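Chains W and P are the protein sequences, given in the same order. Just so you know, we're using our numbering here: the first sequence kicks off at 1 and counts up by one. Just so you know, we're using our numbering here: the second sequence kicks off at 1001 and counts up by one. Note that CB positions come from ideal geometry on N, CA and C, so glycine has one too. Since the structure is predicted, the reported quantities are computational estimates derived from the model, not experimental observations.
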Amino acid sequence: MMLLEVRDLTVTFPTPRGPLDAVRSLDLDLEPGGALGIVGESGSGKSMTSLAIMGLQPRAARRTGSVRLQGRELVGMSEADLRRVRGDRVAMVFQDPLSSLNPYYTVGLQIEEAYCAHRPGVTRREARKVAIAALERVRIRDAARRVNHYPHQFSGGMRQRVMIAMALSTEPELLIADEPTTALDVTVQAQILDLLQEIRRETGTGLVLITHDLAVVSEITDHIVVMKDGVCVERGAVEQIFTRPRHPYTQALLDAVPRIDDEIGELRAVAPGLAVAPDNGGPV
Amino acid sequence: MSEPLLRATHLVKEFPIMGTGGLLRRPATFRAVDDVSFEIRAGETLALVGESGSGKSTTARLAARLLDVTSGTVELDGEDVTALKRSELNRFRSEVQVVFQDPYSSLNPRHTVERIVTAPLVYQQRTIPGGPRAFTRSLMERVGLDPDHSQKYPAQFSGGQAQRIGIARALAVGPRVVVCDEAVSALDVSVQAQVINLLRDLQREEGLTYLFIAHDLAVVRQIATRVAVMTQGRIVEEGDRDSVFGAPRHEYTRTLLDAVPRIRPEWERQRRANAGRS
């Protein structure tokens, strides 16, 4: 059974000029323990996709289609049931850890709170143990002491580790990471990407990684969906996308990426009016 | 060897730390730039690279005289410009201009393109050659914008187009040096490629000199002649682009280069081969 199975997902916003699809007829598949990359530029609908999977799309939006997690349909599920799924079976990590953490509480308290919300009846002492173990799992040294620190006492990279620790505290089957390293320095980014890889290997957690960075997805995911203007224009195994891209947009995007290893005479620009036809090759 | 066009010597910048110091006690200071020296020859691009907090942007601001140095000197074409006063700064500002990272926040949202790009000349009380309308049209053409949009506002342009307005404004006074402070960092990859191409074309055609501040090493590889690597307020390595990228000498440079995510070169080769066949 697929860990995540998305079918015909559409997110529509009402606008003065009529309804606008931010995401249109999107299909996604993720096997247990797999890593799926969703890449696209701004406005491609990639972030809206990650929110809509969890039912977190803005109130004004209408979501249709089907999102199945381990066979369980999430679309149409009651808010109370959804809340039990979120943070427990599926966890999310966002771009900016500082705005996702409450500056008034220690990171330990915040991890404990997230954990207790999904494990009614656990004692404070047990929750504290989980929080310390979670910080250790993301390689934060001296976790027993750091658990009592406030978010501002951590660097940007360390804060993102705290967010990942919190996300993993309930041992979810699926981690959705939306641009988790975009705000970080390149050396810190490398550490966080390594960490995500290690965690996948150790725990078998499935990963959906949303990013604009083609090099990042090429390093840590095994399947890729390329989005533009709300639709999937191409999907495939990572090697296939990077060696034999079929869609002109994917080809143009790959041509436009600056390479660190060589200077390209003329970076090829992506034609603005490039026609986008949804990829109907079926799910990955 | 020709004389360098822009030269910075032993630049130091210290900022007071908030909350320290008192009535009679001087506040403690943080040294953001610590003895930085560099030279840029006319028509070349020096890239200052580093991570956040390395002091690269502060260094750029000192070189552009947007900040006053704590000590050290900035020379333009052999002339010491470190202590220029207001009226003399106008002359400096017509030689050295800056393009900032976020086009929307560095362009006045209530002003038309025409007003934005002619503003530097107006401030300097210079006459606008050919009148504002014609001048704006020719500038817009130079940076690849539709000259018919000269009466539009920044919000009516996409990010890449807005950055072109920022470049047009910098070019308005006819500078010899343009300081690009993360000028392409906020742009989508497809748009970024276009703006990099534009900067390279302008350099080739008009002989511009760039001080290019960036954290993205792959972008720097596309545009730099020379590269200086900064960390903790100091330049730890400087050299020709290909030697810094190809044979980095300093440990920190190697760490930085190793950390950059890469698409596997063999995939890249295969893709080019496949693209050539189809």
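Spatial distance of residue i from residue j (CA atoms)
i, j, result
"W/Ala252", "W/Arg259", "14 angstroms"
"W/Arg89", "W/Ile176", "11 angstroms"
"W/Asp96", "W/Val186", "15 angstroms"
"W/Lys228", "W/Gly40", "6 angstroms"
"W/Leu184", "P/Arg1204", "34 angstroms"
"P/Pro979", "P/Glu1114", "An answer regarding residue 979 of chain P cannot be provided, because it is not within the stretch 1001 to 1278 covered by chain P."
"P/Phe1015", "P/Val1236", "22 angstroms"
"W/Asp262", "W/Gly87", "43 angstroms"
"P/Ser1105", "W/Ala134", "40 angstroms"
"W/Asp8", "W/Arg24", "7 angstroms"
"P/Val1219", "W/Pro151", "32 angstroms"
"W/Leu195", "W/Leu207", "12 angstroms"
"W/Glu219", "W/Ala35", "11 angstroms"
"P/Val1189", "P/Asp1240", "25 angstroms"
"P/Pro1284", "W/Leu20", "Because chain P spans 1001 through 1278 in this model, residue 1284 of chain P falls outside it and cannot be assessed."
"P/Glu1268", "W/Gln240", "11 angstroms"
"W/Val122", "W/Cys116", "7 angstroms"
"P/Leu1089", "P/Ala1119", "16 angstroms"
"W/Gly273", "W/Glu113", "Caution is warranted here: a pLDDT of 49 is assigned to W/Gly273, below 50, making its placement in the model unreliable, and the coordinate value is therefore given only provisionally. Each residue's alpha carbon lies about 48 angstroms from the other."
"P/Gln1163", "P/Leu1187", "9 angstroms"
"W/Arg128", "W/His247", "50 angstroms"
"W/Asn148", "W/Leu109", "8 angstroms"
"W/Arg59", "W/Ser50", "15 angstroms"
"P/Phe1280", "W/Thr203", "Look at the range of chain P in this structure, 1001 to 1278, and you will see that residue 1280 of chain P is not part of it."
"W/Ile192", "W/Asp27", "28 angstroms"
"W/Met163", "P/Val1173", "48 angstroms"
"W/Met2", "W/Arg68", "8 angstroms"
"P/Arg1254", "P/Arg1271", "28 angstroms"
"P/Ile1263", "W/Leu214", "8 angstroms"
Proximity below 8 angstroms, CB of residue i to CB of residue j
i, j, result
"W/Val11", "W/Gln70", "no"
"P/Val1012", "P/Gly1053", "no"
"W/Met92", "W/Asp178", "yes"
"P/Val997", "P/Ala1168", "With chain P running from 1001 to 1278 in the structure shown, residue 997 of chain P is simply not present."
"P/Ala1228", "P/Leu1076", "no"
"W/Arg63", "W/Ala80", "no"
"P/Ala1032", "P/Leu1211", "no"
"W/Thr205", "W/Pro180", "no"
Own chain partners of residue i with C-beta closer than 8 angstroms, once the 5 adjacent residues on each side are dropped
i, result
"P/His941", "This structure does not reach residue 941 of chain P, given that chain P is present from 1001 up to 1278, and the question cannot be answered."
"P/Gly1043", "Gln1203, Gly1207, Leu1208 and Thr1209"
"W/Ser66", "Glu5, Val6, Arg7, Asp8, Leu9, Glu73 and Val75"
"W/His118", "Arg84, Gly87, Asp88 and Thr170"
"P/Tyr1252", "Val1229, Thr1231, Val1236 and Glu1237"
Limits of the unbroken alpha helix (DSSP H) element including residue i
i, result
"W/Ser218", "Leu214 to Ile220"
"P/His1010", "Taken as a continuous stretch (DSSP letters only), P/His1010 belongs to no alpha helix (DSSP H), being part of the beta strand (DSSP E) at Leu1006 to Pro1016."
"P/Lys1152", "Taken as a continuous stretch (DSSP letters only), P/Lys1152 belongs to no alpha helix (DSSP H), as it is neither H nor E."
"W/Glu234", "Not the alpha helix (DSSP H): W/Glu234 falls in the beta strand (DSSP E), residues Val231 to Ala237."
"W/Met48", "Lys46 to Ile53"
"W/Thr106", "Neither: W/Thr106 is in no alpha helix (DSSP H) and is coded neither H nor E."
"P/Leu1217", "Leu1217 to Ile1223"
"P/Asp1242", "Arg1241 to Gly1246"
"P/Arg1254", "Glu1251 to Ala1259"
"P/Leu1024", "Careful: P/Leu1024 lies outside any alpha helix (DSSP H) and carries neither H nor E."
Contacts around residue i, its chain only, beta-carbon distance under 7 angstroms, and the 5 residues preceding and following it disregarded
i, result
"P/Pro1175", "Ser1094, Glu1095, Val1096 and Gln1097"
"W/Met48", "Val11, Ala22, Val23 and Gln57"
"W/Ala143", "Ile132, Leu135 and Glu136"
"W/Ile111", "Ala131, Ala134, Ala165, Met166 and Ser169"
"P/Ile1196", "Val1184, Val1219, Gln1222 and Ile1223"
"P/Phe1135", "Thr1118, Ile1128 and Pro1129"
Beta-carbon contacts of residue i that lie in its chain and below 6 angstroms, excluding the five residues immediately before and after
i, result
"P/Leu1067", "Arg1061"
"P/Glu1039", "Pro1004 and Arg1007"
"P/Thr1020", "Pro1027 and Ala1028"
"W/Arg161", "Val138 and Ile140"
"W/Gly230", "Asp21, Ala22, Val23, Arg24 and Gly45"
"P/Thr1127", "none"
"P/Val1244", "Val1227"
First and last residue of the uninterrupted beta strand (DSSP E) at residue i
i, result
"W/Val23", "Leu20 to Leu30"
"W/Arg68", "Arg62 to Leu69"
"W/Thr10", "Leu4 to Phe13"
"P/Val1036", "Thr1029 to Ile1040"
"W/Leu207", "Gly206 to Thr211"
"P/Leu1211", "Thr1209 to Ala1214"
Residue i: CB within 7 angstroms of a non-hydrogen atom of the ligand MN
i, result
"W/Leu135", "With respect to the ligand MN, the structure offers nothing, as it holds no ligand at all."
(request) Just list the beta strand (DSSP E) runs in the region 1048-1120 of chain P, keeping only unbroken ones of 3 residues or longer that don't cross its boundaries, in chain order. (result) 1071-1076 and 1096-1099
(message) Could you tell me which whole alpha helix (DSSP H) segments of length 4 or greater appear in the region 121-186 of chain W?
(response) 124-137, 143-146 and 156-168
(request) Mind listing, in chain order, the continuous alpha helix (DSSP H) runs of no fewer than 4 residues lying wholly within the region 1132-1207 of chain P? (result) 1132-1142, 1159-1171 and 1189-1206
(request) Entirely within the region 76-104 of chain W and at least 4 residues each: give me those alpha helix (DSSP H) ranges in chain order. (result) 79-85 and 97-100
(request) Could you name the residues of the region 1254-1275 of chain P whose beta carbon sits closer than 8 angstroms to any beta carbon of chain A, in the order they occur along the chain? (result) Among the protein chains in the structure shown, which are W and P, there is no chain A.
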